[in-house]
Amino acid sequence: MDGETKTHRLWRAFCTYSHPAHNAMTYPQVTKQNQPLYKDILKMLSPIQTLHAAEESEDKPKTSIEKLGQGRPAILISDEEIREYLSKESGKDRLKALFTKGNDGKPHPDLMAMSVVIQCSAGLVFMGTCVFGAKAAREAFLTKQHQVYTTKFMAQRAYNDALMIGAFKFGGKWALKTMLFTTLFLGVGGIFFYLTQTLGGETMQQRHYWRVQEKLRQKKEVELLNEPKPDNTVSPNMMETSERLPS
Numbered sequence: 001m002d003g004e005t006k007t008h009r010l011w012r013a014f015c016t017y018s019h020p021a022h023n024a025m026t027y028p029q030v031t032k033q034n035q036p037l038y039k040d041i042l043k044m045l046s047p048i049q050t051l052h053a054a055e056e057s058e059d060k061p062k063t064s065i066e067k068l069g070q071g072r073p074a075i076l077i078s079d080e081e082i083r084e085y086l087s088k089e090s091g092k093d094r095l096k097a098l099f100t101k102g103n104d105g106k107p108h109p110d111l112m113a114m115s116v117v118i119q120c121s122a123g124l125v126f127m128g129t130c131v132f133g134a135k136a137a138r139e140a141f142l143t144k145q146h147q148v149y150t151t152k153f154m155a156q157r158a159y160n161d162a163l164m165i166g167a168f169k170f171g172g173k174w175a176l177k178t179m180l181f182t183t184l185f186l187g188v189g190g191i192f193f194y195l196t197q198t199l200g201g202e203t204m205q206q207r208h209y210w211r212v213q214e215k216l217r218q219k220k221e222v223e224l225l226n227e228p229k230p231d232n233t234v235s236p237n238m239m240e241t242s243e244r245l246p247s
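Residues in the sequence shown are numbered from 1 upward in steps of one, following full-length UniProt numbering.
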């Protein structure tokens, strides 16, 4: 080893650092276990890598979102609380609750479902009838328009305005008709729906009972969140007193 030249030392160092065992020990993240080719292909094609999610979740600690529900007592609503609430409730209160938002900031479920159906149906009819309105406005502009425009730009602008106004007028008229028809249809259909549910054994009193139960549960959740936490800090006076006490 004393007669080893600089070239031999460099070659020995290169062979040592290029050895697979040394690389596996020095750079563990580069090494990869042998696995079938189809797993590599599925891993490349899958954007969320669902095949390896189960293996990775075993070693990962629980996140703070998973720990939110731990340590919180279950909220139970007794029948006495529901009966007490129902005894104080009147028909006016039920009608008022239909048009007021709940604790979560959302309107009544039945009212929200009706509004979604009415808006969707009116929007679809509006977009469909706007095409026919624009077509009718185009025919009227080309056949009944006798005004002479000085420039091509002014004529094109008047043509576009006529198409837009005609489409909106025709679509808005049919959208209002659709909203009125859908409201009447939902009113009549709702009566048959409640009748079928009543014949099936589910009455309106039961549904109202469940909604009151959910309302009281949400109210208790809000009260628990707003409840002040107990102060576990020790005051200096208590620390001095504990130090003076004989052991």
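Glycine included, each C-beta is placed from N, C-alpha and C at the ideal position.
Inset, instruction - State the Cα-Cα distance for the pair Met-127 and Gly-171, rounded to the nearest angstrom. - result: Residue 127 sits at position 127 when you count from the first residue of the sequence shown. Residue 171 sits at position 171 when you count from the first residue of the sequence shown. Near 7 Å, if we compare the C-alpha coordinates of Gly-171 and Met-127.
Inset, instruction - Reducing DSSP to helix, strand and coil, say where Gln-205 ends up. - result: Here residue 205 refers to the residue found at position 205 of the sequence shown. The answer is helix: DSSP assigns Gln-205 an H, G or I state.
Legend entry - For Glu-227, three-class secondary structure by DSSP: For the purposes of this step, residue 227 is taken as the residue at position 227 of the sequence shown. Three-state DSSP puts Glu-227 in coil, outside helix and strand.
Legend entry - Beta carbon of Arg-138 nearer than 8 Å to that of Leu-163: Numbered from its first residue, the sequence shown carries residue 138 at position 138. Numbered from its first residue, the sequence shown carries residue 163 at position 163. Result yes, Cβ atoms of Arg-138 and Leu-163 sit closer than 8 Å.
Legend entry - Cβ separation of Ala-122 and Met-179, assumed to be a contact under 8 Å, to the nearest whole Å: Sequence index remark: in the sequence shown, residue 122 carries index 122 (1-based). Sequence index remark: in the sequence shown, residue 179 carries index 179 (1-based). Yes, Ala-122 and Met-179 are in contact; Cβ-Cβ is about 5 Å, under 8 Å.
Inset, instruction - Would you mind reading off the limits of the alpha helix (DSSP H) that contains Val-188? - result: Locating residue 188 in the sequence shown gives position 188, where the first residue counts as 1. Where Val-188 is concerned, the enclosing alpha helix (DSSP H) stretches over 152–199.
Legend entry - Residue nearest to Arg-94 in terms of C-alpha spacing, selected from Val-222, Glu-227, Asn-226, Arg-211: On the sequence shown, position 94 is the one that residue 94 refers to. The shortest Cα separation from Arg-94 among Val-222, Glu-227, Asn-226, Arg-211 belongs to Arg-211.
Legend entry - Other residues of its chain near Gly-102: CB distance less than 8 Å, five sequence neighbours each side excluded: Residue 102 sits at position 102 when you count from the first residue of the sequence shown. Correct list, in chain order: His-108, Lys-215, Gln-218.
Legend entry - 8 Å contact criterion, which Val-117 and Thr-196 should meet: CB distance rounded: Taking the first residue of the sequence shown as 1, we reach residue 117 at position 117. Taking the first residue of the sequence shown as 1, we reach residue 196 at position 196. Wrong, their Cβ atoms sit about 18 Å apart, outside the cutoff.
Inset, instruction - Counting only runs of 4+ residues fully inside the segment 69–134, write out the alpha helix (DSSP H) ranges in chain order. - result: 79–88, 91–98
Legend entry - Assigned exposure category for Thr-143 - 16 Cβ within 10 Å defines buried: For the purposes of this step, residue 143 is identified with residue 143 of the sequence shown, where counting begins at 1. That one is exposed.
Inset, instruction - Could you tell me the distance, in whole angstroms, from the CA atom of Tyr-159 to the CA atom of Lys-173? - result: Along the sequence shown, read from residue 1 onward, the residue named residue 159 stands at position 159. Along the sequence shown, read from residue 1 onward, the residue named residue 173 stands at position 173. Taking the straight line joining both Cα atoms gives about 21 Å.
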